[in-house]
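Quick note on this note's numbering: the sequence shown kicks off at -7 and runs consecutively.
Idealized CB from N, CA, C, for every residue including glycine.
Working notes, beginning with the structure itself.
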Amino acid sequence: MSSSKRQKIEKFFKFSSDSENCTVCIPEVLDGNYGMYVWPCSPVLAQYIWYHRASLKGKTILEIGAGTSLPGIVAAKCEATVILSDSSEYPQCLANCAASCEANNLSNIPVVGIKWGQFTPELLNLQPVDIILGSDCFFDTKDFEDIIVTVAFIMKKRPSTEFWCTYQERSSSRSIEYLLMKWGLESREIDLETFEADSPTLAGSALPGNHTIHMYIMKKKNQLTARFIILHK
Ligand SMILES: C[S@@+](CC[C@H](N)C(=O)[O-])C[C@H]1O[C@@H](n2cnc3c(N)ncnc32)[C@H](O)[C@@H]1O
C-alpha cells in the first residue's frame, strides 16, 4: 500500500498536575513498522519529562529513534529546545517526527537523520545537548552497541549530558552492562513510583498496560573518581 493510502489516526495524551496540564496530539500511521505508532515505553518517558518539567526550561534536548516523538514533543511543550531524530534510512519515520510537531503547532523543531553507530555529518555537526531521550530504542540486540556508541559520542561534546531512556523488558537475559563499561558510561535505574508512572494507564492512555518498563539515566562515568579509587587502592 502506498504511504499516502495508509490509514492515519490521532492519539491524545493528557499530562496534568494540580495546577498545570499539557495535551499532546500524536498522529499515527497504521503500519507494522517500528516508528509509525507510539510504543508503551513512550508515555513512561514522557511522564518523567512532565514530572521534571521545571528543570527543562532552556535545556537542549535530542530525541533519538524518536518515531512519533511523544517524549520530545512533551519536552518542547515544557519549553526545552528540542531536536528530533530517527534513522536517516527511514524517511517515513522522519516524516512522522515532523507530523507530530505540526499536530502540536510546534514550528522550528529540527528533524535530523541520525542512524545509530554511523558517524555522518548530521551527527558530527550536532550541537552539544544537555539531555538525550530514547524511548524503546533497545529493542533489537544487534543495535545495542551502536546506540551506546552514538550516545557516548554525543556525550563527548558535553560531558555532563545525560541519556534518559525507557526500556521494555522482552527477555531477562538481555544486558547492556558490559557495553556501558566498554564505552565509559554508568547507569542508574529510576523507580517508576518516584514520578507516578507505576500504573498501567498514563496520560489517559492504556499503552503501558502490563508491560515491564524500566527507566534509566545514563551518564559518562566519572573518570576522575575512577582514577582516584585505583590510585588509592
Ligand atoms: C520501537 S520503535 C520506538 C519509537 C518511539 N521512540 C516510541 O517509543 O514510540 C524504535 C525506533 O527506533 C528507530 N530506529 C530503528 N533502527 C534505528 C537505527 N539504526 N538508527 C536510528 N533509529 C533507528 C525506528 O525507526 C523507530 O522509530
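Close beta carbons around residue i, own chain, < 8 Å, minus the five adjacent residues each side
{"i": "L216", "result": "Reliability of the predicted coordinates at L216 is poor, the pLDDT of 46 falling under 50, and no value is obtained from them."}
{"i": "N13", "result": "K6, F7"}
{"i": "I1", "result": "P19, E20, L22"}
Inter-residue spacing [alpha-carbon to alpha-carbon] between residue i and residue j
{"i": "I168", "j": "F136", "result": "7 Å"}
{"i": "Q(-1)", "j": "I41", "result": "30 Å"}
{"i": "G109", "j": "G201", "result": "32 Å"}
{"i": "A87", "j": "D122", "result": "25 Å"}
{"i": "K3", "j": "A46", "result": "25 Å"}
{"i": "D23", "j": "Q84", "result": "11 Å"}
{"i": "I75", "j": "Q119", "result": "10 Å"}
{"i": "F111", "j": "P192", "result": "38 Å"}
{"i": "S61", "j": "C93", "result": "8 Å"}
{"i": "G59", "j": "V143", "result": "17 Å"}
{"i": "E161", "j": "W31", "result": "13 Å"}
{"i": "S(-4)", "j": "T15", "result": "Reliability of the predicted coordinates at S(-4) is poor, the pLDDT of 49 falling under 50, and no value is obtained from them."}
{"i": "S197", "j": "F145", "result": "34 Å"}
{"i": "S164", "j": "R180", "result": "18 Å"}
{"i": "Y29", "j": "K174", "result": "33 Å"}
{"i": "C89", "j": "P63", "result": "11 Å"}
{"i": "V21", "j": "S77", "result": "18 Å"}
{"i": "M(-7)", "j": "A91", "result": "With a pLDDT of 40 at M(-7), under the threshold of 50, the modelled position of this residue cannot be trusted; read the value that follows with caution. Distance between the alpha carbons of M(-7) and A91 is about 20 Å."}
{"i": "S9", "j": "T186", "result": "14 Å"}
CB of residue i within 8 Å of CB of residue j, strictly
{"i": "I56", "j": "I101", "result": "no"}
{"i": "L172", "j": "I139", "result": "no"}
{"i": "K236", "j": "L184", "result": "Residue 236 lies beyond the range of the chain shown here (-7 to 225); nothing can be said about it."}
{"i": "A195", "j": "K6", "result": "yes"}
{"i": "I205", "j": "V36", "result": "yes"}
{"i": "S34", "j": "D132", "result": "no"}
{"i": "Y43", "j": "E188", "result": "yes"}
{"i": "I124", "j": "L199", "result": "no"}
{"i": "V103", "j": "E114", "result": "no"}
{"i": "A38", "j": "K51", "result": "no"}
{"i": "I65", "j": "L116", "result": "no"}
{"i": "Y170", "j": "F130", "result": "no"}
Contact set for residue i: own chain, Cβ-Cβ below 6 Å, skip 5 residues either direction
{"i": "A95", "result": "C17, P19"}
{"i": "C157", "result": "G126, Y208"}
{"i": "P151", "result": "K212"}
{"i": "S80", "result": "G105, K107"}
{"i": "R166", "result": "none"}
Sequence-distant residues of the same chain with beta carbon closer than 7 Å to residue i, five excluded per side
{"i": "K238", "result": "Past the boundaries of the shown model lies residue 238; the chain is included only from -7 to 225, so the question cannot be answered."}
{"i": "K149", "result": "P120"}
{"i": "H203", "result": "P32, Q160"}
{"i": "D190", "result": "L184"}
{"i": "M147", "result": "T153, K212"}
Cβ-heavy atom distance, residue i to ligand 2, below 7 Å
{"i": "W31", "result": "This structure lacks ligand 2; the ligands present are ligand 1."}
Whole runs of the beta strand (DSSP E) within the stretch 101 to 159, excluding any shorter than 3 residues: With a minimum length of 3 residues, the continuous beta strand (DSSP E) runs that stay inside the stretch 101 to 159 are 103 to 105, 123 to 127.
Completely contained alpha helix (DSSP H) runs for the stretch 12 to 48, where each covers 4 or more residues: Within the stretch 12 to 48, the complete alpha helix (DSSP H) runs of at least 4 residues are 33 to 43.
Secondary structure, beta strand (DSSP E): runs of 3+ residues fully inside the stretch 76 to 105: With a minimum length of 3 residues, the continuous beta strand (DSSP E) runs that stay inside the stretch 76 to 105 are 103 to 105.
Segments assigned alpha helix (DSSP H), at least 4 residues, entirely inside the stretch 160 to 213: The qualifying runs are 169 to 174.
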